[in-house]
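Numbered per this note's numbering, the sequence shown spans residues 1 to 138.
Cβ coordinates follow ideal geometry from the N, Cα and C atoms, glycine included.
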Amino acid sequence: MLLCKGSQYALPAHKIHKQCFQNAWSESEFHGLLNLPTTRLWMNEKGMLLCSHISDEMEILTFGVIPKYRHLGEGTTLLKQMFQYAKENNVQKIFLDVAEDNIPAIRLYEKMGFLPINRRKGYYQNGKKDALIYVKVL
């Protein structure tokens with residue numbers, strides 16, 4: 001698992017994202033995010049996790065494991081790498097949002113210590129699905 005820095009990882013991140021999500025982010029979106037000094041990316045050939053780190057808080061921007069590697073511990077591994085980075089960099093809270101019907105992701109987040117704190121009505125799929133907001137206090 002690598003902590004990847006720089007926009008040269010935009011294409012590989014986009015390719016993984018495209019395999020994970022129906023509405024994948026474009027390579028140019030990843031390029032823009034990876035050019036920001038606050039963005040962190042953990043990635044291997046099985047999945048990726050993209051975060052924003054500002055001061056003592058982080059937010060998971062997107063996180064995906066390629067379908068054939070799901071339920072094999074890859075998501076847990078990515079999250080543990082991010083937690084280690086957070087600990088080493090004095091992060092106090094990590095936030096994320098997840099679609100209300102993404103039960104496997106919700107189970108993983110809760111297993112890893114995230115707690116629900118809010119709901120954004122109509123956040124996903126043109127207003128059809130709510131987002132659940134989670135936080136993990138370190």
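Going by other Cβ atoms of all chains shown within 10 Å of its Cβ, with 16 needed for buried, is residue i buried or exposed?
i      : result
Val91  : buried
Ile103 : exposed
Ile54  : exposed
Lys136 : buried
Ile139 : One cannot answer for residue 139 here, as it falls past the ends of the chain, which runs 1 to 138.
Leu36  : exposed
Leu115 : exposed
Thr39  : buried
Thr76  : exposed
Quick one: what's got a C-beta closer than 7 Å to residue i's C-beta in the same chain, skipping five residues either side?
i      : result
Cys20  : Gly64, Val65 and Ile66
Arg120 : Asp97, Asp130, Ala131 and Ile133
Ala99  : Tyr124, Lys129 and Ala131
Leu34  : Gly6, Ser7, Tyr9, Ala10 and Leu41
On a Cα-Cα basis, can you pick out the residue from the options that is closest to residue i?
i      : options                      : result
His17  : Leu36, Leu34, Leu2 and Leu49 : Leu49
Gln8   : Asn23, Glu27 and His71       : Glu27
His71  : Leu3, Gln22 and Leu108       : Leu108
Cys4   : Glu29, Gln22 and Asn44       : Asn44
Leu138 : Thr62, Asn118 and Asn89      : Asn89
Gly122 : Asp101, Thr76 and Ile106     : Asp101
Tyr85  : Asp56, Thr62 and Ile106      : Asp56
Can you tell me the Cα-Cα spacing of residue i and residue j, whole angstroms?
i      : j      : result
Glu110 : Cys51  : 18 Å
Gly113 : His31  : 30 Å
Met82  : Leu2   : 10 Å
Met105 : Asn126 : Looking at the sequence itself, residue 105 is Ala, so the reference to Met does not match. Taking the straight line joining both Cα atoms gives about 20 Å.
Lys87  : Lys68  : 30 Å
Met58  : Gln22  : 25 Å
Pro165 : Leu78  : As shown, the chain starts at 1 and ends at 138. That puts residue 165 outside it, with no answer to give.
Glu29  : Thr62  : 12 Å
Quick one: residues in its chain with C-beta nearer than 6 Å to the C-beta of residue i, no 5 flanking neighbours on either side, listed in chain order?
i     : result
Glu74 : Lys46, Gly47 and Val65
Ile60 : Cys51 and Leu96
Enumerate in chain order the residues of its own chain whose CB-to-CB distance from residue i is below 8 Å, with the five nearest sequence positions on each side excluded.
i      : result
Ala24  : His14, His17 and Lys18
Ile117 : Ile133, Tyr134 and Val135
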